[in-house]
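Encoded as structure tokens, the structure appears first; notes follow it.
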Ligand code: ITT
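Residue numbers (the numbering used here): 3 to 205.
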């Protein structure tokens, strides 16, 4: 079992990684001293790499060897031209709460006058092994924005994101069902495949 240090301060992501990596060769762990870097606005991939590189550097300084995983994700809403996208965590400004972000998003969609409810969650992962190997993957899942919030599972925008094949929001699905189809679930499975195929043993 190899330790995989998670470059995130988001408890919802950590829970999902724990479930998604169960049964793999990786044991997901947090590093208490993780200081998150300032995120950019160019791309999910760049932000995921920024987070992974920052934690890899902090682990090196602490004399800890281990693989590192960075996640940058976001919600793209068609009626808003793909916003909030890479800026999803910053939507609504620094004092916003999750309830206020969700309310604001519904209000913005209503104000857009568009009847288009399509949306997409995107997840980029950046994997760094201390030996220097790097991999990045990006996956997404399509859905629609509900008329109101529904469900108490998950985190963030989940109560607004209706996964149409299930007819329920991500916050109404048990964690395992969300992970089977979500952007993060898909990205983790793609990454694990690529680690097996492309990297030398133990990288
Ligand atoms: P870290 O940077 O510490 O990982 P963060 O919350 O700042 O945590 P991001 O910069 O990747 O994460 O921002 C992604 C935003 O999109 C964030 O506000 C999440 O809550 C939201 N988001 C990402 N994945 C989600 C999911 O599976 N369900 C609901 N919301 C999600």
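No residue lacks a Cβ here, since even glycine has one placed at the ideal position from N, Cα and C.
Note that the coordinates shown come from a computational prediction; the quantities given were computed from them, not determined experimentally.
Outcome for residue i when other beta-carbon atoms lying within 10 angstroms are tallied against a minimum of 16
{"i": "residue 13", "result": "exposed"}
{"i": "residue 184", "result": "buried"}
{"i": "residue 156", "result": "buried"}
{"i": "residue 171", "result": "buried"}
{"i": "residue 64", "result": "exposed"}
{"i": "residue 148", "result": "buried"}
{"i": "residue 199", "result": "exposed"}
Close beta carbons around residue i, own chain, < 6 angstroms, minus the five adjacent residues each side
{"i": "residue 189", "result": "125, 127, 139, 141"}
{"i": "residue 78", "result": "84, 87, 122"}
{"i": "residue 56", "result": "39"}
Chain-order list of residues whose beta-carbon lies under 8 angstroms from that of residue i (same chain, five-residue window excluded)
{"i": "residue 102", "result": "94"}
{"i": "residue 2", "result": "Outside the displayed range of the chain (3 to 205) lies residue 2, so it cannot be described from this structure."}
{"i": "residue 4", "result": "27, 28, 29, 68, 69, 204"}
{"i": "residue 104", "result": "151, 159, 161, 162"}
{"i": "residue 116", "result": "80, 81"}
{"i": "residue 143", "result": "122, 123, 165, 183, 184, 185, 188"}
{"i": "residue 20", "result": "30"}
Which listed residue (the options) has its alpha carbon closest to that of residue i
{"i": "residue 38", "options": "54, 48, 98", "result": "54"}
{"i": "residue 74", "options": "24, 129, 151, 196", "result": "129"}
{"i": "residue 108", "options": "24, 25, 150", "result": "150"}
{"i": "residue 66", "options": "170, 193, 91, 7", "result": "7"}
{"i": "residue 84", "options": "114, 98, 180", "result": "114"}
{"i": "residue 52", "options": "153, 9, 135, 198", "result": "9"}
{"i": "residue 35", "options": "58, 98, 50", "result": "58"}
Residues sharing a beta bridge with residue i, DSSP
{"i": "residue 30", "result": "6"}
{"i": "residue 79", "result": "121"}
{"i": "residue 142", "result": "124"}
Own chain residues within Cβ distance below 7 angstroms of residue i, not counting five before or after
{"i": "residue 43", "result": "88, 89"}
{"i": "residue 110", "result": "82"}
{"i": "residue 193", "result": "127, 129, 137, 139"}
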